[in-house]
Amino acid sequence: METYIIILLCIASFFAGFVDAIVGGGGLIQTPIAMILLPNLAVSTIIGSLKIPAFSGTSFAARQYLKKVTVNWKLLSVMAILSFCAAFFGSHVLTLVSNDFMKPLLLIVLTLIAIYTFTKKDFGQSKIKNHTPKRQLLYAVGLSVCIGFYDGFIGPGTGSFLVLGFVAVLGFDFLHASANAKMVNLATNFGSICLFVLKGKIIWAIAIPMSLCNALGGWLGAKVAIRKGNGFIRVFFLIVVIGTLLRFGYDVFFR
Numbered sequence: 159m160e161t162y163i164i165i166l167l168c169i170a171s172f173f174a175g176f177v178d179a180i181v182g183g184g185g186l187i188q189t190p191i192a193m194i195l196l197p198n199l200a201v202s203t204i205i206g207s208l209k210i211p212a213f214s215g216t217s218f219a220a221r222q223y224l225k226k227v228t229v230n231w232k233l234l235s236v237m238a239i240l241s242f243c244a245a246f247f248g249s250h251v252l253t254l255v256s257n258d259f260m261k262p263l264l265l266i267v268l269t270l271i272a273i274y275t276f277t278k279k280d281f282g283q284s285k286i287k288n289h290t291p292k293r294q295l296l297y298a299v300g301l302s303v304c305i306g307f308y309d310g311f312i313g314p315g316t317g318s319f320l321v322l323g324f325v326a327v328l329g330f331d332f333l334h335a336s337a338n339a340k341m342v343n344l345a346t347n348f349g350s351i352c353l354f355v356l357k358g359k360i361i362w363a364i365a366i367p368m369s370l371c372n373a374l375g376g377w378l379g380a381k382v383a384i385r386k387g388n389g390f391i392r393v394f395f396l397i398v399v400i401g402t403l404l405r406f407g408y409d410v411f412f413r
């Protein structure tokens, strides 16, 4: 593999890690670039290889958040186990069938999310719901299974969907949602990695250098998010959701 290709992939991975640490959606950066630079590789091989840097960047981002943000470890443990299993199963299904039929539906969902977040100025600015522990656990289980499967089966935008779930369903503010989303995202990435390792789909020669760059981006992005707070994260969330929307729109209408 040409050296310049690895360098370009590493640059993309750094920016992906930075964006992903704040609101998720780093896959929107490094996945399309990897597809362009590695046209002769199978899609499953590219996706599998990119899960390694994604896991690395999320790990460093999560570490930064845990220094400043309190999390519910009991709830997160349940979510992590369920999302790991769901992502493993989703990645297995991906090796069997195409996921293109999901993109028109996601286009509609993302449009509604963007409109709602833009028009509701106080969305995610403070904790808005106080669920009973039982109800919170029930919602967390549903969220973990659905988004875990999504990450394994489709992938791009998972971090953003997790942030949205923590804000809209569980009632967190954006900062706490981002912190908790990182922990769950670690589990979904690891579930997919286990499946792709078993299938022999990972190219370590690109996965390892990209991991280092993604980790640096994740570390920096988390520090920026913690320092800037909820308002900054909300704006960044909108930008990433619109970017995801454009990406799926291109896939649906032009490919």
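Last residue of the sequence shown? That's 413 in the working numbering, and every number before it is there in order.
Note that CB positions come from ideal geometry on N, CA and C, so glycine has one too.
On a predicted model such as this, the values are computed, not experimentally measured, just so you know.
- Between Arg-405 and Pro-314, the C-beta spacing is below 8 Å.
- Membership of Ile-163 in the alpha helix (DSSP H) is indicated by the continuous run 161 to 181.
- Nearest to Ile-351 by C-alpha distance, out of Phe-247, Ile-187, Gly-175 and Met-193, is Phe-247.
- By alpha-carbon distance to Val-321, the top candidate from Ala-337, Tyr-308 and Asp-309 is Ala-337.
- The residue among Ile-266, Phe-173 and Gly-329 with its C-alpha nearest the C-alpha of Ala-298 is Gly-329.
- When only Cα atoms are considered, Phe-242 and Val-303 end up about 9 Å apart.
- Cβ contact annotation for Ala-339 (same chain, cutoff 7 Å, sequence separation greater than five): Gly-182, Gly-317, Leu-320, Val-321 and Phe-324, in chain order.
- With respect to the 8 Å criterion, Leu-265 and Leu-403 are classified as neighbours on the basis of their beta carbons.
- The Cβ atoms of Phe-172 and Gly-375 sit closer than 8 Å to each other.
- Contact between the stretch 176 to 196 and the stretch 214 to 232 is established, with three or more Cβ pairs separated by less than 8 Å.
- Taking C-beta separations shorter than 7 Å and ignoring five residues to either side along the sequence, the partners of Leu-378 in its chain run Phe-176, following chain order.
- Rounded to whole angstroms, Ile-194 and Leu-344 show a C-alpha spacing of 26 Å.
- Apart from sequence neighbours up to five positions away, the residues of its chain that approach Pro-367 with a beta-carbon distance below 7 Å are Ile-164 and Cys-168, ordered along the chain.
- Looking at the backbone, the Cα of Asn-230 and that of Gly-387 are separated by about 20 Å.
- Phe-394 sits buried, since 16 or more C-beta atoms from the chains shown fall within 10 Å of its C-beta.
- 8 Å or more divides the Cβ of Gly-206 from the Cβ of Ala-245.
- Taking Asn-372 as reference, the option from Pro-197, Ile-239, Thr-228 and Pro-211 with the minimal CA-CA separation is Pro-211.
- The alpha-carbon of Thr-189 is positioned some 12 Å away from that of Pro-197.
- Between the C-alpha atoms of Tyr-162 and Ile-204 there is a straight-line separation of about 17 Å.
- Residue burial is scored here from C-beta neighbours: Val-398 has at least 16 other C-beta atoms within 10 angstroms and is therefore classed as buried.
- DSSP places Thr-277 in the helix class (H, G or I) of the three-state scheme.
- For Leu-252, the uninterrupted alpha helix (DSSP H) run begins and ends at 231 to 252, by DSSP.
- Where Ala-220 is concerned, the enclosing alpha helix (DSSP H) starts and stops at 201 to 226.
- Taking 8 Å as the upper bound for CB-CB distance, Leu-296 and Leu-233 are not in contact here, some 11 Å apart.
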